[in-house]
Amino acid sequence: MGVLNDFDLTAPASGETGYGSFSTDRLGTLPFMAWELFGRRALEGHVKHCYGHDFESFFWVLTWVAHRIQNGTPIPHPQKLS
199 MGVLNDFDLT APASGETGYG SFSTDRLGTL PFMAWELFGR RALEGHVKHC YGHDFESFFW
259 VLTWVAHRIQ NGTPIPHPQK LS
């Protein structure tokens with residue numbers, strides 16, 4: 199059994215002096231990113247990433263999967279929502 203880790207963009211906890219993420223880049227797959235991270239304040243670096251953004255991202259992924267998988271198999275072409 200393996201473990202999947204992605205430590206490329208990690209940083210030590212911000213409580214430690216001189217550490218923390220100072221990047222204003224918003225990385226992620228655009229359709230699944232939290233809505234708040236697209237605003238002007240976020241682009242200027244005034245929005246701090248929090249667990250709520252991760253939860254919203256998970257919600258969008260779950261929604262996408264629910265619309266793309268039926269009875270355990272992928273739907274070949276997305277159905278139009280009516």
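First residue of the sequence shown: 199, per my numbering; consecutive thereafter. From the three backbone atoms N, C-alpha and C, an ideal C-beta is built for every residue, glycine too. Computed from a prediction, not measured in an experiment: that's the story for all the values here.
In angstroms, rounded to a whole number, what distance separates the CA positions of residue i and residue j?
{"i": "G270", "j": "W262", "result": "14 Å"}
{"i": "P272", "j": "F253", "result": "24 Å"}
{"i": "K278", "j": "H265", "result": "10 Å"}
{"i": "E234", "j": "E242", "result": "12 Å"}
{"i": "H275", "j": "L228", "result": "21 Å"}
For residue i and residue j, which I take to be in contact (beta-carbon distance under 8 Å), what is that distance rounded to the nearest angstrom?
{"i": "G237", "j": "S255", "result": "16 Å between Cβ atoms; not a contact."}
Could you have a look at residue i and say whether DSSP puts it in helix, strand or coil?
{"i": "P229", "result": "helix"}
{"i": "E234", "result": "helix"}
Terminal residues of the continuous alpha helix (DSSP H) containing residue i?
{"i": "F256", "result": "Y249 to R266"}
What do you reckon, are the CB atoms on residue i and residue j nearer than 7 Å?
{"i": "H251", "j": "A232", "result": "yes"}
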